[in-house]
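>
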């Protein structure tokens, strides 16, 4: 079914929660010969991130930033870390959101896109609506 601006695009990144992004980045660089970004703090999201650049997508390594971090509870349950979410690109995030809500999906937060790590609009979908997988949508225009 052609949905135009509301159809998901390519995978932008897979996010992995880790207790220490610098240690995780060293492991990716040493063990996998990956190229990693410098750590970046995102106070509005409560995380500190490092991006691992790959030819076809990115891996986002995330550690909690502050006591109210949304991934602190995840790491309490999974102290060694683990896959946290998958991010898909969309051309029009509001059109995608409206379609998803109309189809019964729940958008986390207040439902309005917020600025993500790359300065582009993002929003998250409730994992219970996608078989236990937290989905992030990121607006990316060519």
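Numbering (the working numbering), first residue to last: 190 to 331.
All residues carry an ideal CB built from backbone N, CA and C; glycine is no exception.
#1: What does a CB cutoff of less than 6 Å around residue 274 pick up in its chain, not counting 5 residues either side in sequence?
#2: For residue 243, name the three-state secondary structure that DSSP assigns.
#3: Relative to the alpha-carbon of residue 272, which residue among 249, 293, 320, 227 has its alpha-carbon at the smallest distance?
#4: Identify which residue in 208, 243, 233 has its Cα closest to the Cα of residue 263.
#5: Going straight from the alpha carbon of residue 223 to that of residue 316, what length do you get?
#6: In whole angstroms, give me the CA-to-CA distance for residue 319 and residue 310.
#7: By how many angstroms is the C-alpha of residue 304 removed from the C-alpha of residue 254?
#8: Below 8 Å on the Cβ atoms is my guess for residue 278 versus residue 199; work out the distance and round it to an integer in Å.
#9: Taking only runs of the beta strand (DSSP E) that begin and end inside the region 242-302, which ones reach a length of at least 3 residues, in chain order?
#10: Pick from 210, 330, 202: whose alpha carbon is nearest that of residue 269?
#11: Return helix, strand or coil for residue 330, following the three-state DSSP convention.
#12: Quick one: grab the DSSP three-state call for residue 215.
#13: Pop quiz: residue 228 and residue 215 are said to be a contact at Cβ under 8 Å. What is the actual Cβ separation, rounded to whole angstroms?
Looking at the coordinates:
#1: Same-chain partners within the cutoff: 204, 323, 325.
#2: coil
#3: Closest by alpha carbon: 249.
#4: 208
#5: Our two residues, residue 223 and residue 316, have alpha carbons roughly 29 Å apart in a direct line.
#6: Going from the Cα of residue 319 to the Cα of residue 310 covers about 21 Å.
#7: 17 Å
#8: 6 Å
#9: 247-253, 271-279
#10: 210
#11: Three-state DSSP puts residue 330 in coil, outside helix and strand.
#12: helix
#13: Not confirmed; about 11 Å, so no contact.
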